[in-house]
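Asker:
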Amino acid sequence: MGRCFQTFSNVPLLAKIYGMIRSKPPYYMRGGHHRNGSGSQMETVGLFSRTGFIAERTLMFRIVLPPETRDGFEPGQYVHIEWESPEITDEKGNGRDFSIASTPEEWPVLSFATRLTDSAFKANLERAADGTPVKVSGPYGEFTLPSAMGTRKWDQPVVFIAGGIGITPFRSILRHYLGKYSSVPFFLFTTNRNVRSIPFLEELREMSKNNKNLFLEQIVSQPEPDLPLDLETGILTPDRMFEAIGERAKNGDYYIAGTPSLVSSFTTALQGARLSPEQIHSDPFFGYI
Ligand SMILES: Cc1cc2nc3c(=O)[nH]c(=O)nc-3n(C[C@H](O)[C@H](O)[C@H](O)COP(=O)(O)OP(=O)(O)OC[C@H]3O[C@@H](n4cnc5c(N)ncnc54)[C@H](O)[C@@H]3O)c2cc1C
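Heads up, the sequence shown is in my numbering, so the first residue is 12 and it goes up one at a time.
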């Protein structure tokens with residue numbers, strides 16, 4: 012599949028400026044992400060609309076691309092979204108990166124989910140009328156499953172660790188691959204503050220009910236009375252995951268998405284548990300603290 016559909020010449024520049032302002036490493040060096048280097052990146056303008064709330068202060072929205080938009084994306088990739096002429100602006104800019112939460116089958120519709128904050132970018136997400144044009148560039152990133160999934164064995168689990176809104180790339184991956192690779196064991200661990208803030212709670216429950224090869228463990232950090240039976244309280248640790256996965260844990264591939272601090276602490280912990288760097292794949296959502 013072609014991997015790129017659109018890009019803007021000013022995106023790397025904007026991202027570098029972000030990097031300088033925020034004193035972070037340059038955009039193109041972060042988290043193992045690379046722009047797809049085919050040299051054939053393009054740009055497009057899609058039409059925005061809100062889908063609805065999927066958790067507390069967590070909005071799902073979609074962008075319909077022009078039907079003639081070429082190529083597609085691989086589940087796990089992200090795009091850069093930029094308001095064309097926003098009603099509200101601030102010094103943080105009109106563009107953000109978002110993992111695609113929908114599947115390639117839904118093309119040319121792309122869906123996303125985000126936590127609302129008080130930034131101008133997010134205020135526009137809350138207010139913009141359906142059909143507002145937005146620039147979309149990408150897709151970017153290599154947070155994707157290996158192509159050799161078909162030959163994977165039952166003792167080679169694929170493990171996903173989603174911190175909060177970090178669930179978005181996994182939603183795309185799971186919806187796309189779960190049925191296709193029914194003999195591959197998938198493990199999804201999510202961690203959120205409380206039940207209200209778990210994105211796609213019902214959908215994930217349904218997914219694991221309907222797919223015997225998906226083990227789901229959802230953990231909330233704040234103790235709550237009347238916690239549903241399928242949820243757990245506490246802190247997600249590698250030991251906790253390894254116990255759930257069992258002996259085959261050491262053969263697994265581990266994918267981590269969420270805030271940079273969550274991703275980095277899990278990466279360190281998994282390295283400490285003697286997993287090799289090739290087994291650890293990370294998708295830090297820069298822009299979140
Ligand atoms: C690969 C990737 C995938 C992402 N996927 C999602 C997703 O699915 N859902 C989601 O909610 N968020 C996602 N994010 C984070 C998203 O891009 C926003 O940064 C985040 O939503 C916070 O935006 P804000 O307007 O609420 O925050 P603000 O309070 O405006 O803070 C964002 C701050 O970070 C800076 N910034 C923005 N983007 C970057 C960047 N790439 N590098 C460095 N600084 C930056 C801005 O200049 C701003 O100062 C992703 C980020 C990356 C890099």
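Built from N, CA and C at the ideal position, the CB exists for glycine as well.
Between E85, E116, T143, which lies nearest to E93 when the distance is taken from Cα to Cα?
Answerer: The residue you call residue 93 lines up with position 82 of the sequence shown. Considering only alpha carbons, the answer is T143.
Asker: If I'm right that F181 touches F198 with Cβ under 8 Å, what's the distance once you round it to whole angstroms?
Answerer: Looking up residue 181 in the sequence shown gives position 170. Looking up residue 198 in the sequence shown gives position 187. Not confirmed; about 11 Å, so no contact.
Asker: Between the Cα of L225 and those of P239, G190, V75, G257, spot the shortest distance and give me the residue it belongs to.
Answerer: Taking the first residue of the sequence shown as position 1, residue 225 is located at position 214. Measuring from the Cα of L225, the nearest candidate turns out to be G190.
Asker: Roughly how many angstroms lie between the CA atoms of A26 and F123, to the nearest whole one?
Answerer: As a first step, residue 26 is located in the sequence shown; it is residue number 15 there, counting from the start. As a first step, residue 123 is located in the sequence shown; it is residue number 112 there, counting from the start. Note on A26: pLDDT 36, under 50, position unreliable in the model; the coordinate value appears next. Distance between the alpha carbons of A26 and F123 is about 20 Å.
Asker: Using CA atoms only, rank isn't needed, just tell me which of S287, K261, L247, I111 is closest to S276.
Answerer: To locate residue 276, count along the sequence shown from 1; it is residue 265. Out of S287, K261, L247, I111, L247 has the C-alpha closest to the C-alpha of S276.
Asker: On the three-state DSSP scale, how would you describe D101?
Answerer: Indexing the sequence shown from 1 puts residue 101 at position 90. Residue state, collapsed to three classes: coil.
Asker: Tell me, to the nearest whole angstrom, how far the beta carbon of S130 is from that of D101; I am working on the premise that it is less than 8 Å.
Answerer: The residue labelled residue 130 in the question sits at position 119 within the sequence shown. The residue labelled residue 101 in the question sits at position 90 within the sequence shown. Right, the Cβ-Cβ distance comes to about 6 Å (below 8 Å), so this counts as a contact.
Asker: Considering only the beta carbon of each residue, do P210 and T69 sit closer than 8 Å?
Answerer: Taking the sequence shown and counting its residues from 1, one reaches residue 210 at position 199. Taking the sequence shown and counting its residues from 1, one reaches residue 69 at position 58. Yes. Within cutoff.
Asker: How many angstroms separate the CA atom of E79 from the CA atom of P119?
Answerer: Here the question's residue 79 lines up with position 68 in the sequence shown. Here the question's residue 119 lines up with position 108 in the sequence shown. Whole-angstrom Cα-Cα distance: 9 Å.
Asker: Which of the three DSSP states is assigned to Q229 in this structure?
Answerer: Position 218 of the sequence shown holds residue 229. Q229 falls in the strand class under three-state DSSP.
Asker: Who are the Cβ neighbours of H45 in its own chain at under 8 Å, not counting the five residues just before and after it?
Answerer: On the sequence shown, position 34 is the one that residue 45 refers to. In this predicted model, H45 has a pLDDT of only 39, less than 50, meaning its place in the structure is not dependable; the value taken from the coordinates is given anyway. Result list for H45: Y39, Y151, G152, E153, in chain order.
Asker: Assuming A112 and A268 make a contact with CB atoms under 8 Å, what is their CB distance in whole Å?
Answerer: For the purposes of this step, residue 112 is taken as residue 101 along the sequence shown, with counting starting at 1. For the purposes of this step, residue 268 is taken as residue 257 along the sequence shown, with counting starting at 1. A112 to A268, Cβ: 11 Å. No contact.
Asker: Under three-state DSSP, which class holds A66?
Answerer: Sequence index remark: in the sequence shown, residue 66 carries index 55 (1-based). If DSSP states are grouped into helix, strand and coil, A66 belongs with the strands.
Asker: How would you write the range of the alpha helix (DSSP H) that N135 sits in, first residue to last?
Answerer: For this step, residue 135 is matched to residue 124 along the sequence shown. Here the alpha helix (DSSP H) through N135 covers 131-138.
Asker: Taking L238 as the reference, give the member of N205, T155, F297 with the closest Cα.
Answerer: One-based indexing of the sequence shown puts residue 238 at position 227. Closest by alpha carbon: N205.
Asker: Would you check whether ligand 1 has a heavy atom nearer than 7 Å to the C-beta of T128?
Answerer: The residue you call residue 128 lines up with position 117 of the sequence shown. T128: yes, Cβ under 7 Å from ligand 1.
Asker: Is there a Cβ of chain B sitting closer than 8 Å to that of L215, yes or no?
Answerer: Reference to chain B is not applicable here, since this structure consists of a single protein chain.
Asker: May I ask you to check if the CB of S4 is nearer than 7 Å to at least one heavy atom of ligand 1?
Answerer: Any answer about residue 4 is impossible in this case: the structure gives the chain only from 12 up to 300.
Asker: Keeping to the same chain, check which residues put their C-beta closer than 6 Å to that of A280; ignore five residues upstream and five downstream.
Answerer: Here residue 280 corresponds to residue number 269 of the sequence shown, with the count starting at 1. Result list for A280: P249, in chain order.
Asker: Would you say the beta carbon of K146 is closer than 7 Å to some non-hydrogen atom of ligand 3?
Answerer: By its list of ligands, the structure shown excludes ligand 3, since it contains just ligand 1.
Asker: For V387, tell me which candidate among K146, T128, Q290 has the shortest Cα-Cα distance.
Answerer: Outside the modelled stretch of the chain, which goes from 12 to 300, sits residue 387, for which no answer is possible.
Asker: Alpha carbon to alpha carbon, what distance is there between Y188 and S219?
Answerer: In the sequence shown, residue 219 corresponds to position 208, counting from 1. In the sequence shown, residue 188 corresponds to position 177, counting from 1. Using only the alpha carbons, I get a separation of about 13 Å.
Asker: Spell out the partners DSSP gives V56 in its beta bridges.
Answerer: Working through the sequence shown from its first residue, we reach residue 56 at position 45. V56 pairs with K146.
Asker: Can you give the Cα-Cα distance for G57 and D294, rounded to whole angstroms?
Answerer: Working through the sequence shown from its first residue, we reach residue 57 at position 46. Working through the sequence shown from its first residue, we reach residue 294 at position 283. So the two alpha carbons sit approximately 25 Å from each other.
Asker: Apply the 10 Å Cβ neighbour rule to E85 and answer buried if 16 or more other Cβ atoms are within range, or exposed otherwise.
Answerer: The count along the sequence shown starts at 1 and reaches residue 85 at position 74. With 16 or more other Cβ atoms within 10 Å, it is buried.
Asker: So does S110 have its beta carbon nearer than 7 Å to some heavy atom of ligand 1?
Answerer: One-based indexing of the sequence shown puts residue 110 at position 99. For ligand 1, at least one heavy atom lies less than 7 Å from the Cβ of S110.
Asker: Are the CB atoms of L76 and L121 within a distance shorter than 8 Å?
Answerer: Indexing the sequence shown from 1 puts residue 121 at position 110. Indexing the sequence shown from 1 puts residue 76 at position 65. Cβ atoms of L121 and L76: closer than 8 Å.
Asker: Please work out which residues of its chain come closer than 6 Å, Cβ to Cβ, to T278, disregarding the five sequence neighbours upstream and downstream, and give them in chain order.
Answerer: As a first step, residue 278 is located in the sequence shown; it is residue number 267 there, counting from the start. Taken in chain order, the residues that qualify are I291, S293.
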